[in-house]
Amino acid sequence: MLTWKDIVNFTVKGNPAPDNRVEKTEAEWRELLSPEEFRVTRKKGTEAPHTGALCSIYEAGKYNCVCCDTPLFDSTIKFDSGTGWPSFTQPIKENAIRYEKDASFGMVRVEVLCNTCDAHLGHVFPDGPKPSGLRYCINSASMQLQKAKEPNEE
Numbered sequence: 001m002l003t004w005k006d007i008v009n010f011t012v013k014g015n016p017a018p019d020n021r022v023e024k025t026e027a028e029w030r031e032l033l034s035p036e037e038f039r040v041t042r043k044k045g046t047e048a049p050h051t052g053a054l055c056s057i058y059e060a061g062k063y064n065c066v067c068c069d070t071p072l073f074d075s076t077i078k079f080d081s082g083t084g085w086p087s088f089t090q091p092i093k094e095n096a097i098r099y100e101k102d103a104s105f106g107m108v109r110v111e112v113l114c115n116t117c118d119a120h121l122g123h124v125f126p127d128g129p130k131p132s133g134l135r136y137c138i139n140s141a142s143m144q145l146q147k148a149k150e151p152n153e154e
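Numbering (UniProt numbering), first residue to last: 1 to 154.
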């Protein structure tokens with residue numbers, strides 16, 4: 001289980017290597033993504049609170065990167081933080097997320113990006129629920145929900 005100390009260490013000492021890499025030109029990303037997905041993921045935008053399609057959805061499944069389809073978070077660790085963005089306590093795998101210090105807007109935060117394609121996802125904070133104490137605050141526009149299959153589905 002990742003802790004805030006682990007996150008800070010990643011920002012200082014480097015991130016775990018991703019399983020693979022996806023790299024595209026800006027034009028290729030623009031062609032693949034909606035204007036809002038492009039603004040959020042490729043230009044480090046933020047959607048307005050309480051407006052994201054995935055904010056109040058709690059169906060079983062995996063939350064994958066909208067750009068490269070890499071699994072990022074599992075629905076079992078999603079929680080209602082009251083912030084207006086989907087929130088999670090842990091990534092699906094330690095190397096799914098990349099962490100970078102973000103000193104924009106006059107504050108210091110930790111930005112989270114897809115470690116496979118560098119898509120901006122949101123930020124992580126040390127004010128989440130136990131046991132990890134982490135709150136990954138993620139833009140809905142940066143993810144797509146891959147719903148879990150029902151037991152009778154193939």
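Every residue gets a Cβ at the ideal spot worked out from N, C-alpha and C, and that includes glycine. None of these values were measured; they are calculated from a predicted model.
Residues bridged to residue i [DSSP beta-bridge criterion]
{"i": "F88", "result": "K78, Y136"}
{"i": "L145", "result": "Y63"}
{"i": "F125", "result": "R135"}
{"i": "V112", "result": "Y99, G122"}
{"i": "P71", "result": "N64"}
Given residue i as reference, the closest of the options once Cα atoms are compared
{"i": "residue 222", "options": "S87, V66, C68, T70", "result": "Past the edges of the chain, shown from 1 to 154, lies residue 222, and the structure says nothing about it."}
{"i": "C68", "options": "G52, L113, S56, V108", "result": "L113"}
{"i": "D19", "options": "D102, A148, E94", "result": "E94"}
{"i": "V108", "options": "V8, R21, E47, T3", "result": "V8"}
{"i": "F38", "options": "M143, E111, K149", "result": "M143"}
{"i": "A148", "options": "Y58, W85, N139, D80", "result": "Y58"}
{"i": "K43", "options": "A119, K5, F10, N139", "result": "A119"}
Inter-residue spacing [alpha-carbon to alpha-carbon] between residue i and residue j
{"i": "Y136", "j": "A17", "result": "20 Å"}
{"i": "P35", "j": "P129", "result": "33 Å"}
{"i": "H123", "j": "R98", "result": "11 Å"}
{"i": "L33", "j": "P131", "result": "36 Å"}
{"i": "T70", "j": "F10", "result": "20 Å"}
{"i": "T83", "j": "G52", "result": "12 Å"}
Cβ-Cβ distance between residue i and residue j below 8 Å
{"i": "P49", "j": "L72", "result": "no"}
{"i": "G61", "j": "L2", "result": "no"}
{"i": "W29", "j": "G133", "result": "no"}
Determine, using beta-carbon pairs with one atom in the region 90-107 and one in the region 23-30, whether at least three such pairs fall under 8 Å.
no
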